[in-house]
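Taking my numbering, the leading residue of the sequence shown gets 4, the next gets one more, and so forth.
Heads up, the beta-carbon is just placed ideally off N, CA and C, and yes, glycines get one too.
First the structure, in the form of structure tokens, and then the observations on it.
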Amino acid sequence: MNESLAKLQENLGYRFKDIELLKTALTHSSYANEKGEGVICNERLEFLGDSILGFVSAKYFYENYSNLPEGELTKHRAARVCENALCVFAKELEIGPALRLGKGETRMGGRERPSILADAFEAVLAAVFLDGGLDEASKIVLRFIPRHDVIEEVRDYKTILQEVVQRNREEHVEYVVVDASGPDHAKTFTVEVHLNSNVIGSGTGKSKKLAEQHAAKEALALMGIK
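Take a look at the structure:
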């Protein structure tokens, strides 16, 4: 068995009965496109893993934060399952070395790319679910979700940017979608934020709203605001 696959299973604390499920979870679309017909990428597993992650984390916060209203529960969950957090989790599991990437993506540093690692974490989670059931998948989620050390405070960067810009009434902020890639069920959006006609930030995300938040965050960083 591939050494990186063996190490990943050790880190997961779960050994696959069907190792092909794990291999598919680690197969990026760039690799599948290069290899051609018969090689399946991890996008469908990512779709399933996203739902499993959402369910298990929602259950955790519902049961452990009984004093919080819906809005606060949503904020806590969003912080735990954001791309940055999932990327950290993926690195701790050593998913990167086990990824199957196309040659171009490998040269571009795909094994360290946050979006690829976060998606792969969800795909691996789905693979565990299909191979061993919800209890095994939940064990993995609950190793990470309760932690606070890798979670950034949830901030509304768009609102902060708007407040900054409104200090000068002549300034106008606009968010423009410049790219949307991937299948309909798992699109990735790239958004630019324009100040008048100038691009001051860009961001990507699994929804337009998330991409806009990332773009606003980059714009604020450019202004020296964190």
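Residue from the options with nearest C-alpha to residue i
i      : options                          : result
Tyr34  : Glu75, Gly227 and Ala101         : Ala101
Leu133 : Ala28, Ser200 and Ala218         : Ala28
Arg20  : Glu95, Val181, Glu37 and Glu139  : The sequence shown places Lys at residue 20, not Arg. Among Glu95, Val181, Glu37 and Glu139, the Cα nearest to that of Lys20 belongs to Glu139.
Glu23  : Leu51, Ile43 and Glu177          : Ile43
Arg122 : Leu15, Gln12 and Gly208          : For the record, residue 122 in the displayed sequence is Asp; it is not Arg. Checked all of Leu15, Gln12 and Gly208; the closest Cα to Asp122 is Gly208.
Glu65  : Ile148, Gln12, Glu221 and Asp187 : The question names Glu, but residue 65 is Tyr in the sequence shown. Of the listed residues, the one whose Cα sits closest to Tyr65 is Ile148.
Glu108 : Lys161, Asn36 and Arg18          : Asn36
Gly52  : Val84, Ser200 and Asn70          : Val84
Asp187 : Phe50, Arg18, Glu40 and Lys38    : Phe50
Gly16  : Arg150, Leu71, Glu40 and Arg146  : Arg146
Chain-order list of residues whose beta-carbon lies under 6 Å from that of residue i (same chain, five-residue window excluded)
i      : result
Glu155 : Because the pLDDT of Glu155 is 48, which lies under 50, any placement of that residue in the model is unreliable, and the question is left without a value.
Leu104 : His31, Ser33, Tyr34 and Gly113
Ala183 : Lys190 and Phe192
Leu8   : Ala101
Tyr63  : Ile148
Gln12  : Arg18
Contact under 8 Å by Cβ, residue i with residue j
i      : j      : result
Thr193 : Ala224 : no
Met226 : Val179 : no
Gly185 : Val196 : no
Leu25  : Ala130 : yes
Val59  : Ser141 : yes
Val144 : Leu120 : no
Ala222 : Leu164 : yes
Ser118 : Glu86  : yes
Residues that DSSP places opposite residue i in a beta bridge
i      : result
Ser184 : Thr191
Arg103 : Thr30
Thr207 : Thr193
Glu177 : His197
Val202 : His197
7 Å Cβ shell around residue i - same chain, five flanking residues per side excluded
i      : result
Phe124 : Leu89, Phe92, Ala93 and Ile98
Val157 : Low local confidence applies: a pLDDT of 48 at Val157 is under 50, so the model's placement there is unreliable, with the coordinate-based value given in what follows. Only Lys78, Ala81 and Ala82 meet the Cβ criterion.
Lys211 : Val180, Phe192 and Val194
Ala61  : Arg80
Leu48  : Thr27, Ala28, Ala126, Ala129 and Ala130
Lys161 : Glu215, Gln216 and Ala219
Same chain, Cβ closer than 8 Å to residue i, neighbours up to 5 away in sequence not counted
i      : result
Asp159 : Gln216
Lys10  : Glu97, Pro100 and Ala101
Met111 : none
Asn14  : Glu95, Leu96 and Glu97
Leu198 : Val168, Glu174, His175, Val176 and Ala222
Tyr68  : Glu75, Leu76 and His79
Residue i CB to nearest heavy atom of the ligand MG below 7 Å
i     : result
Glu37 : With respect to the ligand MG, the structure offers nothing, as it holds no ligand at all.
Continuous alpha helix (DSSP H) assignments of at least 4 residues falling wholly in the region 65 to 90: Contiguous alpha helix (DSSP H) elements confined to the region 65 to 90 occur at 73 to 83, taking only those with 4 or more residues.
In the region 31 to 59, which residue ranges form an unbroken alpha helix (DSSP H) of at least 4 residues, counting only runs that do not cross its ends? 32 to 38
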